[in-house]
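Report on the following structure.
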Amino acid sequence: MARLMWIRPFPSDDLRAALRGVKAVGVVETNLGLGGSTYGGILAPDVTTALYHAENRPLVTSFMAGLGGETVPAAEFEWMAGKLAQAIERGAVEKPAHWVGFED
Numbered sequence: 520m521a522r523l524m525w526i527r528p529f530p531s532d533d534l535r536a537a538l539r540g541v542k543a544v545g546v547v548e549t550n551l552g553l554g555g556s557t558y559g560g561i562l563a564p565d566v567t568t569a570l571y572h573a574e575n576r577p578l579v580t581s582f583m584a585g586l587g588g589e590t591v592p593a594a595e596f597e598w599m600a601g602k603l604a605q606a607i608e609r610g611a612v613e614k615p616a617h618w619v620g621f622e623d
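Count the sequence shown with our numbering and you get residues 520 to 623, in order.
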């Protein structure tokens, strides 16, 4: 697990180093980027861009969770981990953004 402490300037090199060797990345988003490229949060596109030139590029998907400051229950983190495991097994993410608690 990695937590960004700032997003501007975006810490691309640090993020690549922290996630070196990871096969899939789930970006837990608590904000909505209306009209964005993923129809999810605003952070996943920056993470995807930062990891694009990684030696072994991981799969990246966004998880919309904890909107409005709500606590994200452990069961929802388990669901997200399951989605990442499926992406690794499939070799592709199911979709660019998942709405946690609203999908099966």
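All residues carry an ideal CB built from backbone N, CA and C; glycine is no exception.
Rounded to a whole number of angstroms, what is the C-alpha to C-alpha distance between residue i and residue j?
i      : j      : result
Thr567 : Leu553 : 18 Å
Ala584 : Leu538 : 21 Å
Ser531 : Leu523 : 10 Å
Lys542 : Tyr558 : 23 Å
Ala593 : Glu574 : 32 Å
Ile526 : Ser556 : 18 Å
Taking C-alpha atoms, which residue in the options lies nearest to residue i?
i      : options                           : result
Ala611 : Ala594, Val579 and Asp533         : Val579
Trp598 : Glu608, Trp618, Leu586 and Gly587 : Trp618
Val546 : Ile607, Phe529 and Asp565         : Asp565
Asp623 : Gly601, Pro530, Ile607 and Asp533 : Gly601
Glu589 : Leu562, Glu574, His572 and Gly620 : Gly620
Ala606 : Asn550, Val544 and His572         : Val544
Please state if the CB of residue j and the CB of residue i are separated by a distance shorter than 8 Å.
i      : j      : result
Leu570 : Pro577 : yes
Ser581 : Glu548 : yes
Ala616 : Ala563 : yes
Using the rule of at least 16 other Cβ atoms within 10 Å of the residue's Cβ for burial, across every protein chain shown, is residue i buried or exposed?
i      : result
Ala604 : exposed
Gly560 : buried
Ala521 : exposed
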